[in-house]
């Protein structure tokens, strides 16, 4: 059995070999759990394991199963590799999270995916946090399937709202306006939330009153298709395994900070203090999936939180499991959308904060050199599929400013008189 530990943030995997994703904890010998769901399973290699210690994620380990044995042998191989590579030298396990009784409003935007939505809601209702509500925002739906699902299976436990204007920012703003909690947490209908997700998020807010936004770790829920593997090889969503914080008071050594908002996290795993986000006017409705801008709503919110003087934190123990696009066509559309969202975000950032333009211009030469170095590295090391995804992201980036302006024009056209 060959076991490898991938470098952060992406996961190096064979180009065309599916892998079963599992969840293991070094303090629970021989137990394999499915991503974001209860119960135990007996996986068949190859597997990709999220390895934890007392619930805290340490990293991901891939086992090919070249000399597959029993499930117990598989677990020992994964655990031995993880202990060598991830566990601190003193072997001291980190402390468990203690729930903080902050009231959280969880907002789930959905669009024509009732099957995925049901799985997502089931995972949210298994949270170990003591005080939260769940709000589903049905964004420009084609039918009433999501509404019927919520009212039939989650009555009294999930609130249903409909947002007729297409666009993720419109949906998020609808949920933010209805939120009753001190914290608004956002995820998508194609995720499964870890049971300790909300507890980890609220713990970060409680630890530091200057923190106005917290993002978390996003790991794959399945790697069943070549397209899903390609996304992980290309970098995936993970932002590393160590907690981090960012603020303008203590800027990092980053040539484009605070414009590199994609490093802070992703909109499928983010939370805000409600008062801070409302004070900023919520999300920019010219951004987001479902608009001509294709995305960027999360990145622009991160940027505005920082430029307003707040602190943004990343906590890897706030875990959601993401179900990646299953086909190459969908993946390529997603890659273009990521690039477009980045271009739209930068356009929106400068439109929202023109005083930041001199800072961007000062950082631009170093940023260009860094980007070129990364591109050369990718061209040498990555697959043809990954290079194509990178090219699509670049095309999207160039389109992004146009998409943002088109989206603003459309919003003005729909504005009530």
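Residue numbers (the numbering used here): -10 to 406.
Glycine included, each C-beta is placed from N, C-alpha and C at the ideal position.
Does the structure place the region 195 to 213 close enough to the region 287 to 299 that three or more beta carbon pairs sit under 8 Å? Yes: at least three Cβ pairs fall under 8 Å.
Nearest to residue 268 (by Cα), restricted to the options 162, 112 and 68: Taking the first residue of the chain shown as 1, we reach residue 268 at position 279. When only C-alpha atoms are compared, the closest one is 162.
Using the C-alpha atoms, what's the distance from residue 282 back to residue 97? Counting from 1 along the chain shown, the entry for residue 97 is found at position 108. Counting from 1 along the chain shown, the entry for residue 282 is found at position 293. Rounded to whole angstroms, residue 97 to residue 282 spans 20 Å at the Cα level.
Candidates 99, 399 and 239: which alpha carbon is nearest residue 125's? Position 136 of the chain shown, counting from 1, holds the residue named residue 125. Just measuring C-alpha positions, the residue of 99, 399 and 239 sitting nearest residue 125 is 99.
Identify every residue that forms a DSSP beta bridge with residue 42. Counting from one through the chain shown, the residue named residue 42 turns up at place 53. According to DSSP, which records beta bridges pairwise, residue 42 is partnered with 45.
Pick from 121, 190, 71 and 153 that is closest to residue 133, judged by C-alpha positions: Residue mapping note: residue 133 aligns to position 144 of the chain shown, counting from 1. The shortest C-alpha to C-alpha distance from residue 133 to any of 121, 190, 71 and 153 is the one to 153.
Spatial neighbours of residue 275 within its chain, please: C-beta separation below 7 Å, excluding the five flanking residues on both sides. As a working mapping, residue 275 is identified with position 286 in the chain shown. Hits under 7 Å: 282, 337, 393, 396, 397 and 400.
Are residue 305 and residue 46 touching if we call contact CB-CB under 8 Å? Residue mapping note: residue 305 aligns to position 316 of the chain shown, counting from 1. Residue mapping note: residue 46 aligns to position 57 of the chain shown, counting from 1. Contact: yes.
Going by the beta-carbon positions, is the gap between residue 103 and residue 138 smaller than 8 Å? As a position in the chain shown, residue 103 is number 114, starting the count at 1. As a position in the chain shown, residue 138 is number 149, starting the count at 1. Residue 103 places its beta carbon less than 8 Å from that of residue 138.
At a cut of 8 Å, does the region 377 to 387 reach the region 318 to 325 through at least three beta carbon pairs? As far as the Cβ criterion goes, the region 377 to 387 touches the region 318 to 325, which means the pair count is three or higher.
Reduced DSSP secondary structure (H/G/I, E/B, other) of residue 306: Within the chain shown, residue 306 is the residue found at index 317, counting from 1. Note: residue 306 maps to strand in three-state DSSP.
Sorry if obvious, but does the Cβ on residue 109 come closer than 7 Å to a heavy atom of the ligand FAD? You won't find the ligand FAD in this model; it holds no ligand whatsoever.
Measure the alpha-carbon distance for residue 230 versus residue 402 and round it to whole angstroms. As a first step, residue 230 must be located in the chain shown, where it is residue number 241. As a first step, residue 402 must be located in the chain shown, where it is residue number 413. Take the alpha-carbon of residue 230 and the one of residue 402: they are about 44 Å apart.
Which residue marks the beginning of the alpha helix (DSSP H) containing residue 33, and which one marks its end? Residue numbering aside, residue 33 sits at position 44 when the chain shown is read from its first letter. Boundaries for residue 33: no alpha helix (DSSP H) harbours it, and the DSSP string shows neither H nor E there.
Endpoints, beta strand (DSSP E) assigned at residue 262: Along the chain shown, one-based indexing puts residue 262 at 273. The continuous beta strand (DSSP E) containing residue 262 extends over residues 259 to 262.
If I follow the unbroken alpha helix (DSSP H) through residue 103, where does it start and stop? For the purposes of this step, residue 103 is taken as the residue at position 114 of the chain shown. For residue 103, the uninterrupted alpha helix (DSSP H) segment begins and ends at 103 to 113.
So, at 7 Å on beta carbons, what are the nonlocal neighbours of residue 24 in its own chain, with the 5 sequence-adjacent residues on each side left out? Locating residue 24 in the chain shown gives position 35, where the first residue counts as 1. Scanning its chain for C-beta atoms nearer than 7 Å, with the 5 sequence neighbours on each side dropped, one finds around residue 24 the residues 10, 12, 181, 210 and 310, in chain order.
What's the gap between the Cα of residue 89 and the Cα of residue 60? What you label residue 89 is simply residue 100 of the chain shown in a count that begins at 1. What you label residue 60 is simply residue 71 of the chain shown in a count that begins at 1. Taking the straight line from one Cα to the other gives about 37 Å.
Between the region 171 to 180 and the region 253 to 267, can you find at least three pairs of beta-carbon atoms closer than 8 Å? Taking a cut-off of 8 Å for Cβ pairs, the region 253 to 267 and the region 171 to 180 touch, as three or more such pairs fall below it.
What are the start and end residues of each continuous beta strand (DSSP E) run of 3 or more residues lying completely inside the region 178 to 218, in chain order? Fully enclosed beta strand (DSSP E) runs of 3 or longer: 180 to 182 and 200 to 209.
Which term fits residue 221, buried or exposed, when burial requires 16 or more other beta carbons within 10 angstroms of its beta carbon? Against the chain shown, residue 221 aligns to sequence position 232. Residue 221 should be labelled buried.
Coil, strand or helix - residue 8 by DSSP: Locating residue 8 in the chain shown gives position 19, counting from the first residue. Of the three classes helix, strand and coil, the one that applies to residue 8 here is strand, per DSSP.
Using only the alpha-carbon positions, how far apart do residue 263 and residue 376 sit? One-based indexing of the chain shown puts residue 263 at position 274. One-based indexing of the chain shown puts residue 376 at position 387. Residue 263 and residue 376: Cα-Cα distance of roughly 39 Å.
Could you name each continuous beta strand (DSSP E) segment of 3 residues or more that falls completely within the region 234 to 306, going from the start of the chain to the end? Here the runs fully enclosed are 259 to 262.
Looking at the structure shown, is residue 391 part of a helix, part of a strand, or coil, going by DSSP? Numbered from 1 along the chain shown, position 402 holds the residue referred to as residue 391. Looking at residue 391 - three-state DSSP - the assignment turns out to be helix.
Buried or exposed: residue 298, going by 16 or more other Cβ atoms within 10 Å of its Cβ? As a first step, residue 298 must be located in the chain shown, where it is residue number 309. Looking at its Cβ environment, which holds fewer than 16 other Cβ atoms inside 10 Å, residue 298 is exposed.
Between which two residues does the beta strand (DSSP E) containing residue 131 stretch? If you number the chain shown from 1, residue 131 lands on position 142. In the DSSP assignment, residue 131 falls outside any beta strand (DSSP E) and carries neither an H nor an E.
Cα separation between residue 128 and residue 164? For the purposes of this step, residue 128 is identified with residue 139 of the chain shown, where counting begins at 1. For the purposes of this step, residue 164 is identified with residue 175 of the chain shown, where counting begins at 1. Rounded to the nearest whole angstrom, the CA to CA distance from residue 128 to residue 164 is 11 Å.
Going by alpha carbons, who is nearest to residue 156 out of 277, 62 and 390? The count along the chain shown starts at 1 and reaches residue 156 at position 167. Cα-wise, what sits closest to residue 156 is 277.
Can you tell me the Cα-Cα spacing of residue 295 and residue 65, whole angstroms? Residue numbering aside, residue 295 sits at position 306 when the chain shown is read from its first letter. Residue numbering aside, residue 65 sits at position 76 when the chain shown is read from its first letter. Taking the straight line joining both Cα atoms gives about 44 Å.
Residue 63, buried or exposed, once every other Cβ within 10 Å from all chains shown has been counted against 16: Taking the first residue of the chain shown as 1, we reach residue 63 at position 74. Counting Cβ neighbours within 10 Å, residue 63 comes out buried, since at least 16 surround it.
Measure how close the beta-carbons of residue 218 and residue 93 come, nearest whole angstrom, since I'm counting them as under 8 Å. Against the chain shown, residue 218 aligns to sequence position 229. Against the chain shown, residue 93 aligns to sequence position 104. With 8 Å as the limit, residue 218 and residue 93 do not qualify as a contact, their Cβ atoms being about 34 Å apart.
Rounded to the nearest angstrom, what separates residue 150 and residue 119 at their Cα positions? If you number the chain shown from 1, residue 150 lands on position 161. If you number the chain shown from 1, residue 119 lands on position 130. Near 23 Å, if we compare the C-alpha coordinates of residue 119 and residue 150.
Run of the beta strand (DSSP E) containing residue 151, from where it starts to where it stops: The residue labelled residue 151 in the question sits at position 162 within the chain shown. Taken as a continuous stretch (DSSP letters only), the beta strand (DSSP E) holding residue 151 covers 147 to 152.
Taking only the alpha-carbon atoms, compute the straight-line gap between residue 330 and residue 254 and give it to the nearest angstrom. Counting from one through the chain shown, the residue named residue 330 turns up at place 341. Counting from one through the chain shown, the residue named residue 254 turns up at place 265. CA-to-CA, the gap between residue 330 and residue 254 works out to about 14 Å.
Count the other CB atoms within 10 Å of the CB of residue 388; is the residue buried (16 or more) or exposed (fewer)? On the chain shown, residue 388 is found 399 positions in, with the first residue counted as 1. Of the other Cβ atoms in all chains shown, 16 or more fall within 10 Å of the Cβ of residue 388; this residue is therefore buried.
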